[in-house]
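The structure appears right after this line, and notes come after that.
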Amino acid sequence: MDDSKPQVHQRPFVWIVSGLALLWLSQPPFELGVLAWLAPMALIHASQLLTGTATKAEDSKPNWYQRPILMMWICGAVYWLISIQGVRLAHWSTHFGWLALGFYLGIYIPLFLLGTNWLQRGLKLPVPIAAAISWTGGELIRAYGLSGFSVVMIAQSQLNWLPFVQIADLQGAYLISFVIVFICGCGYLLTLRIMAHARGAPICGTMAGYYLPALGITSVLMAVLSYGHHRIDQLQTADEPLVTLALMQGATDTQFGLSIDESTRQLQQQLNSYLDRSAAAVANHAVDVVVWPESAFSYYADYIGDQEITAVPQNLPFIHDFDTDHFRHHVDLQRRSFSSLIQQALHTIRGGNNELPVSLMVGCETDEIRGDRIHRYNAALSISRDGRVEQRYFKNHLVMFGEYIPGGSWFPWLYNLIPNVQNMEAGTEHTVFEINGVRFAPSICFESTVPHLIRGSVLRMTEQSKMPDVLINFTNDGWFWGSEILDHHFRCNVLRAIEMRKPVLVSANTGISTWVDRIGNIREKSGKRVEDTIIAQVGKSSVESIYLRYGDILAWTCLALLAIAWIRRRNFDVTEQQE
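Position in the sequence shown (first residue = 1) + 36 = our numbering.
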């Protein structure tokens with residue numbers, strides 16, 4: 037027997053795979069949140085084993101495929117590819133984006149493992165603090181890297197434990213992640229002491245080893261839960277309902293390759309379904325606003341911008357043989373058709389009684405004509421009771437390779453190489469929709485998954501004396517065909533409600549539509565891939581969170597410490613040691 041080879045339980049690979057498996061099981065579709073309290077312990081143990089491996093002298097330089105960092109990256113990539121497999125379902129070409137995203141996200145596993153070591157050795161921090169800082173710093177990088185991807189945060193696994201997650205209003209979901217990993221780090225040290233004692237180590241030599249981790253667990257957990265119960269007691273009284281909304285949910289999966297007739301038929305069926313269910317909601321409830329999801333109101337083009345057409349835009353998003361007169365006629369026809377659609381929709385929704393004070397919020401695409409250019413936006417519209425478009429919100433944060441291609445504005449031919457990518461432009465304004473004195477902060481699609489985007493939008497509105505009372509999200513998750521991506525998106529919306537202390541409303545095609553109150557209680561929730569209607573009642577709210585006011589101080593501090601530790605790491609990093 038070769039004693040130089042570590043036993044199975046001493047191999048970092050085993051613990052990395054175990055930790056990632058537990059992390060995966062803690063999230064949808066399994067939602068075994070208790071396992072999130074074990075996953076970081078396994079990964080922390082792997083990081084300590086990697087440190088031990090790095091200190092052993094090697095007789096020869098390993099091949100590139102034998103390097104620990106490659107093993108860590110591949111394990112991380114597999115974990116992420118499984119966790120986000122839903123992004124590949126809509127079209128064969130989306131498999132390439134799925135693979136690229138999975139291998140990019142896989143980087144964050146070695147970052148956590150190595151970062152924990154850097155902080156221990158470079159800054160002499162104890163394991164629980166080092167692990168919590170490394171994890172939180174990595175989540176912040178992920179929120180900004182490649183335009184931001186903050187789904188599947190470990191904090192999202194604990195949403196069924198409402199008192200625990202209330203701390204999100206202090207420092208966002210990052211504080212929840214920090215506390216989970218810190219407690220897991222203390223649990224890891226406590227487990228080591230218990231195992232050492234079981235092997236015969238004298239108890240007197242490990243008393244501090246017992247007391248300090250146990251004290252860390254109990255004191256932090258008691259503080260977090262005490263705060264959580266206090267905030268729930270403070271905020272559970274609902275605001276006086278001033279606006280009743282009917283949130284529509286469609287059940288149309290995104291499909292490609294349909295003929296023009298099939299596509300037109302699908303659009304008409306979708307439109308009829310929304311109209312019929314909206315009318316039923318208004319007939320059965322005192323509805324003030326009917327809300328349709330992202331892109332649901334796109335039967336005709338919403339053209340804005342130049343009223344006098346002087347040229348055919350060079351970048352029209354469809355094949356044409358227009359001259360200026362024909363294009364002017366086309367735009368005029370589309371504008372009249374869009375206005376007529378609004379009036380017909382309101383008439384149908386009101387059951388023919390145009391005296392009913394019902395307005396609309398809808399998702400659609402808006403084309404703005406400026407000279408010889410056309411600018412396309414993913415938009416949400418607030419439509420008044422008399423059929424006027426009062427406000428338009430243009431999506432600020434676009435999805436890379438879904439709504440735009442990096443460099444596509446300079447090299448338009450890129451859009452010919454990658455199918456199904458729309459050449460959208462990002463909006464720059466933070467728009468408020470106001471109904472009956474209640475202010476709504478709109479977001480579209482995955483904007484609500486990134487904490488600093490929603491916080492930044494609400495903060496800008498607040499600074500303009502237009503602090504929103506409600507967050508509302510318009511989304512089309514038909515791209516993901518009912519996969520767990522819908523659950524991840526839903527959980528992000530719940531966290532945004534707690535962080536901002538504002539109710540969150542979601543109108544989603546294929547789900548998950550919801551009404552969440554400001555403490556994270558799920559008042560109403562739809563299923564997936566079913567047509568549904570949610571009736572929600574909201575009012576004015578003057579509650580501000582500490583997180584809204586001060587932002588990600590904790591997360592940026594963690595990232596700064598991680599960067600300092602990396603600079604001071606000297607030569608203990610695994611890859612350098614093995615060379």
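Glycine included, every Cβ here is placed at the ideal spot set by N, Cα and C.
| field | Assigned exposure category for F292 - 16 Cβ within 10 Å defines buried | value | By the Cβ-count criterion, F292 is exposed, with fewer than 16 other Cβ atoms from all chains shown falling within 10 Å of its own Cβ.
| Cβ distance (whole Å) where G518 is taken to contact E276 below 8 Å | With a beta-carbon spacing of about 37 Å, G518 and E276 fall beyond the 8 Å limit used to define contacts.
| query | Does the distance from the CB of L59 to the CB of Y115 come in under 9 Å? | reply | Taking 9 Å as the Cβ cut-off, L59 and Y115 qualify as a contacting pair.
| request: Jot down the residue ranges of each uninterrupted alpha helix (DSSP H) in the segment 561–597, minimum 4 residues, whole runs only, in chain order. | output: Counting only runs of 4 or more, we get 582–586.
| field | Other residues of its chain near L489: CB distance less than 8 Å, five sequence neighbours each side excluded | value | The residues are G184, N432, H433, S479, E483.
| said: For the structure I just gave you, are there three or more beta carbon pairs, one from the segment 387–396 and one from the segment 434–446, closer than 8 Å? | reply: Contact between the segment 387–396 and the segment 434–446 is absent, because fewer than three Cβ pairs lie under 8 Å.
| query | Nearest-angstrom Cα distance between D95 and F148? | reply | Only weak support exists for where D95 lies, its pLDDT of 44 falling under 50; the value from the coordinates is given anyway. Near 28 Å, if we compare the C-alpha coordinates of F148 and D95.
| Neighbour-count burial assignment, I118, 16 or more Cβ in a 10 Å radius | Its Cβ having fewer than 16 others within 10 Å, I118 is exposed.
| Beta-carbon proximity check, A166 vs Q156, cutoff 9 Å | Taking 9 Å as the cut-off, the beta carbon of A166 is found closer than this to the beta carbon of Q156.
| query | Checking contacts by CB at 9 Å: is P104 closer than that to chain B? | reply | Structure shown: chain B not included; a single protein chain is present.
| Which of the three DSSP states, helix, strand or coil, is assigned to N390? | It is coil, neither helix nor strand.
| field | Endpoints, beta strand (DSSP E) assigned at G341 | value | Residues 338–341.
| Roughly how many whole angstroms lie between the Cα atoms of A317 and L281? | Computed Cα separation, rounded: 9 Å.
| said: Am I right that I52 and C111 are in contact with their C-beta atoms under 8 Å? What's the rounded C-beta distance? | reply: Contact between I52 and C111 holds, with the beta-carbon distance rounding to 5 Å and staying under 8 Å.
| request: Tell me Y2's beta-bridge partners as DSSP assigns them. | output: The requested residue 2 does not occur in the structure, where the chain is confined to residues 37 to 615.
| DSSP three-state assignment for E175, whether helix, strand or coil | Here E175 carries a helix assignment [DSSP, helix/strand/coil].
| Whole-angstrom distance between L79 and L56, CA atom to CA atom | Spanning the two alpha carbons is a distance of roughly 8 Å.
| Paired residues, beta bridge with D403 - DSSP | According to DSSP, which records beta bridges pairwise, D403 is partnered with Y339, R412.
| Any idea if Y586 is buried or exposed, counting beta-carbon neighbours within 10 angstroms, 16 or more meaning buried? | By the neighbour-count rule (16 or more Cβ atoms within 10 Å), Y586 is not buried but exposed.
| field | Helix, strand or coil at I143 [DSSP, three-state] | value | Coil, per DSSP.
| Sheet register partners of I480 (DSSP bridge) | Answer is F510.
| From the DSSP output, which residues share a beta bridge with Y429? | Looking at the DSSP assignment, Y429 forms a beta bridge with A416.
| said: What does the alpha-carbon distance come out to for the pair V327 and D289? | reply: Roughly 19 Å separates the two Cα atoms.
| said: Between which residues of its own chain and Y429 is the CB-CB distance below 6 Å, once the five residues before and five after are set aside? | reply: If we look at Y429 and ignore the five residues flanking it on each side, its Cβ neighbours are A416, T467, P478.
| query | Just checking, does the segment 331–340 make contact with the segment 401–409 on the three C-beta pairs under 8 Å criterion? | reply | The segment 331–340 vs the segment 401–409: in contact.
| field | Given 8 Å, three or more beta-carbon pairs between the segment 567–584 and the segment 595–604 | value | Below 8 Å, too few C-beta pairs join the segment 567–584 and the segment 595–604 to call them touching: fewer than three.
| message | Can you look up T360 in the DSSP assignment and give me helix, strand or coil? | response | Three-state result, T360: helix.
| In chain order, which continuous runs of the beta strand (DSSP E) of length 3 or greater are located wholly inside the segment 179–230? | Given a length threshold of 3 residues, the segment 179–230 has no whole run of the beta strand (DSSP E) inside it.
| query | Looking only at its own chain, which residues have a Cβ that is under 6 Å from the Cβ of S54, when we skip the five neighbours before and after it? | reply | Closer than 6 Å at Cβ, skipping near neighbours: A78.
| request: May I ask you to report which of helix, strand or coil DSSP gives A282? | output: DSSP, read as helix, strand or coil, puts A282 in strand.
| field | DSSP bridge partner residues for Y440 (one or two, in chain order) | value | Bridge partners of Y440: M436.
| request: Ignore the nearest five residues each way along the sequence and tell me which others in S420's own chain have a CB closer than 6 Å to its CB. | output: The answer, listed in chain order, is S395, E426.
| message | Would S562 and Q285 be called neighbours here (beta carbons separated by less than 9 Å)? | response | Contact: yes.
| query | When DSSP labels each residue in this structure, what does N557 get in the three-state scheme? | reply | Of the three classes helix, strand and coil, the one that applies to N557 here is coil, per DSSP.
| field | Same chain, Cβ closer than 7 Å to T87, neighbours up to 5 away in sequence not counted | value | Listed in chain order, the non-local C-beta contacts of T87 below 7 Å within the same chain comprise N153, local neighbours out to five positions each way being set aside.
| L271 to R537, Cα distance in whole Å? | Near 9 Å, if we compare the C-alpha coordinates of R537 and L271.
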